[in-house]
Amino acid sequence: MTKTALIGLHDYVLKENVEALAEIRGYYVKVIDTFEEMEAQAQAKDYDRYLMDANFGHSGSPDVTPSETIWNLPQVKERVERGEAKFIAVSNGLKTIENATEKGIPAEDTFWAIREYESFFD
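Be aware that the sequence shown starts at 2, since it is given in my numbering, and climbs by one per residue.
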């Protein structure tokens, strides 16, 4: 069975590198450019990995509504809690990460992500 990943990131270079890593690891990757697309894809299909900017669609903002929305979709959160999928929201903004973690959203700074992407796409 093909492993799948849904990725929504602002940074073009990071997005390309994460996509390449996931593909090398055997994932079919769907790269999204807007929050609306991310939400539609997350509702339409069960992915094995969800990786997104915590404030996707609002670069530089501490508002984590985008990642909160995706995280709280039952088909995402419940699958992660059962160990069937992984989810991580990333950001360069420490306030954004703080806001996400306060809401229970799995989140890390982008630099963590650079170190940990390989284990995320196991």
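Glycine is no exception: its CB is placed at the ideal position from the N, C-alpha and C atoms.
Worksheet entry | Close Cβ partners of Thr111 (< 8 Å) along its chain, the five nearest in sequence each way excluded | Asp12, Leu15, Val91, Ser92, Asn93
Item to complete: Give me the Cα-Cα distance between Gly105 and Glu69, rounded to the nearest whole angstrom.
Response: 9 Å
Fill in: Buried versus exposed call for Ile25 [16 or more other C-beta atoms within 10 Å across all chains shown]
exposed
Worksheet entry | Cβ-based burial, Tyr51 [other Cβ within 10 Å; buried from 16] | buried
Worksheet item: Whose CA, out of Glu109, Phe122, Phe121, lies closest to the CA of Ala55?
Response: Glu109
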